[in-house]
Amino acid sequence: ILAQEHIESTCPVSSELFKPRADYLLQVRGMSMKDIGILDGDLLAVHMTQDVHNGQVVVARIDDDVTVKRYKREGNTVWLLPENPDFEPIKVDLKTQNLVIEGLSVGVIRR
Numbered sequence: 010i011l012a013q014e015h016i017e018s019t020c021p022v023s024s025e026l027f028k029p030r031a032d033y034l035l036q037v038r039g040m041s042m043k044d045i046g047i048l049d050g051d052l053l054a055v056h057m058t059q060d061v062h063n064g065q066v067v068v069a070r071i072d073d074d075v076t077v078k079r080y081k082r083e084g085n086t087v088w089l090l091p092e093n094p095d096f097e098p099i100k101v102d103l104k105t106q107n108l109v110i111e112g113l114s115v116g117v118i119r120r
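Using the working numbering, you'd call the opening residue of the sequence shown number 10 and step up by one each time.
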């Protein structure tokens with residue numbers, strides 16, 4: 010699932026719909042998270058934070074690529090894990106690669 014940085018449209022969402030609050034909606038492209046119900050074309054509600062824990066679903070930027078995956082940190086290595094066996098985990102070496110956590114998934118809106 011890769012993200013593209015452009016605004017297609019706006020969609021008002023009640024602040025009470027997601028906890029913690031959703032700061033923006035990201036349109037999902039791809040099927041790497043299908044086994045937990047995040048499908049191609051869905052809107053992923055994202056809470057902007059860099060405070061994430063193992064097992065949470067995050068929006069992560071590696072260099073210029075943005076992806077949605079399950080987060081797992083082991084020392085200086087972060088694994089971004091898909092929820093579809095057809096996709097491989099992404100290994101990020103924090104010593105040599107630039108990883109930015111852009112936010113935490115807090116919900117999904119199916120279109």
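All C-beta atoms, glycine included, are put in the ideal place defined by N, C-alpha and C.
A quick note: this is a predicted structure, and the numbers were derived from the prediction, not measured.
- When rounded, the separation of the alpha-carbon atoms in Leu35 and Leu52 is 5 Å.
- Note on Ile47: 16 or more other CB atoms within 10 angstroms of its CB, so buried under the neighbour-count rule.
- Ile118: member of the beta strand (DSSP E) spanning 108–118, first to last residue.
- Bridge pairing for Thr86: Glu83, Asp102 [DSSP].
- About 6 Å separates the CB atoms of Thr76 and Leu89; that is less than 8 Å, so the two are in contact.
- Between Ile118 and Val22, the alpha-carbon positions lie close to 10 Å from each other.
- A distance below 9 Å separates the beta carbons of Arg30 and His56.
- For the set Phe96, Asn85, Thr19, the Cα lying nearest the Cα of Asp44 is the one of Phe96.
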